[in-house]
Amino acid sequence: MVNREENIVEENELSLSNENDVSSDSSEEDVSTKHNDDIGPISDGSPIEKELFEDPEFPANNFSLYRWRDKSDNKEIKWKRPKQFKDVPKFFVEGFSRFDVRQGKLGDCWFLASCASLATVPELFVQVVPEENVEFDDDDYDGMFHFRFWQYGEWVTVVVDDRLPVNEKGNLLYGKTSTENEFWFALLEKAYAKLHGSYEALVGGLGEDAMVDLTVIHHR
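So the sequence shown is numbered by full-length UniProt numbering: it starts at 1 and just counts up by one.
See the structure below:
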């Protein structure tokens, strides 16, 4: 009788031991599963594409092109970033010069002439085109560029993205520089167009007004 009771106790202890082992294994499995869920999907090693700035105040559409006329059927105009139509775009190519500036299809020669003059005075030029603007291949490139203009007694910063109007062949429609892959002037012109409400608003103007906006200096 004693032996039978001892056998029963031993069997119960063995049963409890087996249950504890199963519970321990299950707990470890739950922890492992939870840990795997927390780390999320495993990366395949592909580089993460950076989201580039898109200016909501000066969108890439006809609203930014035209001021008075509705040209919503003008489908040959596309908006592209320099990287999308030039292999090696640069903000500056060997610095800046008054000989860089070239007019496109926009009648804003008054502004171009003032920009050419601005480029002859480096200390004034960097006030309008800040050195904080980066190159397109820099790690800090985010599609955003800054410019400054003199307005009503103070310097005003105008921020634009680098989407520019191009034709079906991928050529800039408006201002450009003498070097095909240089974009400082095209982006400066875009910022000035934003300041005035549209590209078309730059058609016809006075060089004296542009010089004030760029240099604070009155030439009347």
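From the three backbone atoms N, C-alpha and C, an ideal C-beta is built for every residue, glycine too.
Report yes if the C-beta distance between E135 and F91 is below 8 Å; otherwise report no.
Position 135 of the sequence shown, counting from 1, holds the residue named residue 135. Position 91 of the sequence shown, counting from 1, holds the residue named residue 91. Yes, they are a contact pair.
Can you tell me where the beta strand (DSSP E) with E161 in it begins and where it stops?
Along the sequence shown, one-based indexing puts residue 161 at 161. It is Asp, not Glu, that sits at residue 161 in the sequence shown. From DSSP, the beta strand (DSSP E) with D161 extends over E154 to D161.
Nearest residue (CA-CA) to L52, options C115, K105, I77 and D140:
As a first step, residue 52 must be located in the sequence shown, where it is residue number 52. Looking at the Cα atoms, D140 is the closest of the given residues.
Measuring alpha carbon to alpha carbon, tell me which of F183, V156 and F185 ends up nearest D213.
The sequence position of residue 213 within the sequence shown is 213, counting from 1. The candidate whose alpha carbon is nearest that of D213 is V156.
Give the straight-line distance between the Cα atoms of D55 and N171, rounded to the nearest whole angstrom.
As a working note, residue 55 is residue 55 in the sequence shown. As a working note, residue 171 is residue 171 in the sequence shown. Their Cα atoms are separated by approximately 22 Å.
Range covered by the alpha helix (DSSP H) that runs through V126:
Within the sequence shown, numbered from 1, the residue matching residue 126 stands at position 126. From DSSP, the alpha helix (DSSP H) with V126 extends over P122 to V128.
Cα separation between N181 and Q151?
Numbered from 1 along the sequence shown, position 181 holds the residue referred to as residue 181. Numbered from 1 along the sequence shown, position 151 holds the residue referred to as residue 151. Taking the straight line from one Cα to the other gives about 31 Å.
Tell me whether the region 203 to 213 and the region 99 to 119 touch, counting them as touching only if at least three CB pairs, one residue from each stretch, are closer than 8 Å.
yes
Measuring straight from C-alpha to C-alpha, what distance separates D138 and F85?
Taking the sequence shown and counting its residues from 1, the one referred to as residue 138 is at position 138. Taking the sequence shown and counting its residues from 1, the one referred to as residue 85 is at position 85. If you take the alpha carbons of D138 and F85, they lie about 18 Å apart.
Which of the three DSSP states, helix, strand or coil, is assigned to F53?
Walking along the sequence shown from the start, residue 53 turns up at place 53. Correct three-state label for F53: coil.
Quick one: is V160 buried, meaning 16 or more other Cβ sit within 10 Å of its Cβ, or exposed?
Working through the sequence shown from its first residue, we reach residue 160 at position 160. Looking at its Cβ environment, which holds 16 or more other Cβ atoms inside 10 Å, V160 is buried.
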